[in-house]
Structures are given as structure tokens and as C-alpha cells.
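Engineer: For the sequence shown, the working numbering assigns the number 17 to the initial residue and increments by one for each residue that follows. Here a beta-carbon is modelled for each residue, glycine too, at the ideal position from N, C-alpha and C. Here the structure is a predicted model, which is why all the values come from computation and not from measurement.
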Amino acid sequence: YINGIRYVPKEVNSYYEEGIASWYGPKFDGKLTANGEIFNQYDVTAAHKTLPLPSLVKVTNLENNRSLIIRINDRGPFVGDRIIDLSYKSAQILGVINKGTALVSVDLIEYGEHLLNYSTDTNIVKNNKNKIHFLQIGVFKNADNADKLSEKLRQTNYLDYKVFISTAYSNEKVLYIVKIGPIKDNETALYLQRKLKNDEILSKLVVE
């Protein structure tokens, strides 16, 4: 129940929705999330009313076209008809902090207990059960440069793979990592890496 309204967790193979995103942070820092984790506003996470916990989703800010892979580990939002509540860090990367809300799309990638230890700070995401892989295309200090590369990949609809921007930290500074995927195995990832290089799309992985 959220504000007296009963929401039933979804058991779905696919999910896509557009609506309003908000964000939450300091007031909830250190408290338990709905799946028993300690909430950290600087983690790339979010709250959703019905998606299974934990879930991995691609959230796109439809007002600036920034996209991010986010792990759902909590329930919410608690206000009106908003569809997702972003952590402070997620909202910061997606450009939602100053405005407070934004029109977004939420696209389910994967869900299940194997995502409990998933980290959005890894360059290529893998798990032993389902072998999820994402191929890193480029790493940037500047979010705008990451946006430009991801938009180029989206415009070419490169081999029908989805394009994501995730984050990592180096010397306490945020790095923006452009990836494509999910990719089923290492062999496919290596094939794509060669093709991207031949097509002169693959970045040299130099931070810009």
C-alpha cells in the first residue's frame, strides 16, 4: 500500500511506460528500502510502485534525451501519478535535480534476485546466472559528450541494441560510460567490438 492505495507487484517479461519522474534523497538516506537494503542517495537506484524488486530499467529523460541504467530497489513514488522516484544521483545524471520532475520513459531490462549485487559502476555488467553483458563504447568526463555518442548510436540503430549511459567514479569525479546491450555472450561482444572498430564508431575509450 502507498498512501492507502494497493499496488500489486508485476510479474512481466516486458514493461514500458512514459510519465513523470521525481527524486528523493537526504530525508531517506540511511533508511531501509522496500527490499531491505540501506538507501544511499548517491547510488544509482530508484523506487517504483509495482515492478519486481530488484529490477533493472532504462530510464530516459524525454526532455533532454539522457538515458541511464537504474536498479529498482524501493517502492514509490508517494505523490500523485508519478511513475518513478529517482535517487539523488540518478536524478543528477538525468538532469532532473533543478526542475524536480521530468517526463521520462521507463523500459524494463531484467529482474530477479541475481540483481541484488548489481552495480551500476561496472563497465561491463555480468552475472553468472543469466550472463548479462553490456559492451562499453566510450568513457567521458563530460555528460554532453556521452550524450552525443549515445545519440549517434541511437540514430544508426546500431544492430538493434539499446544504448545506455552509466556512471563510474575516478578520484571522486563522475565518469559517464556509454554502453550497448544486453549482449548474450562474450563471443558476441567481441564480434561487436571488432565491427564497431571497423565502422569507426568505437571510441578509443579515452576519457574526454
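1. Out of 121, 206 and 183, which one is the CA nearest neighbour of residue 64?
2. According to DSSP, is residue 66 helix, strand or coil?
3. What span of residues does the beta strand (DSSP E) with residue 89 cover, start to end?
4. Reducing DSSP to helix, strand and coil, say where residue 166 ends up.
5. If you check the beta carbons only, do residue 90 and residue 69 fall under 9 Å apart?
6. Can you tell me whether residue 77 is helix, strand or coil according to DSSP?
7. Leaving aside the five residues before and after residue 86 along the sequence, list all residues of the same chain whose C-beta is less than 6 Å from its C-beta, in chain order.
8. Quick check: what's the CA-CA separation for residue 214 versus residue 183?
9. Taking only the alpha-carbon atoms, compute the straight-line gap between residue 165 and residue 58 and give it to the nearest angstrom.
10. Beta-carbon separation of residue 181 and residue 109 under 9 Å?
11. Which whole-angstrom value is the C-beta distance of residue 151 and residue 197, which I expect to be below 8 Å?
12. Let me make sure I understand the geometry here. Which of 66, 81 and 201 has the alpha-carbon closest to that of residue 100?
13. Could you give the first and the last residue of the continuous beta strand (DSSP E) run that contains residue 212?
14. Counting C-beta neighbours from all protein chains within 10 Å, is the total for residue 47 16 or more, i.e. buried, or is it exposed?
Structural biologist: This is what the structure gives:
1. For residue 64, the nearest C-alpha among the options comes from 121.
2. coil
3. 82 to 90
4. helix
5. yes
6. strand
7. 60, 62, 73, 75 and 106
8. 26 Å
9. 25 Å
10. yes
11. 6 Å
12. 66
13. Premise fails: residue 212 lies in the alpha helix (DSSP H), 202 to 214, not in any beta strand (DSSP E).
14. exposed
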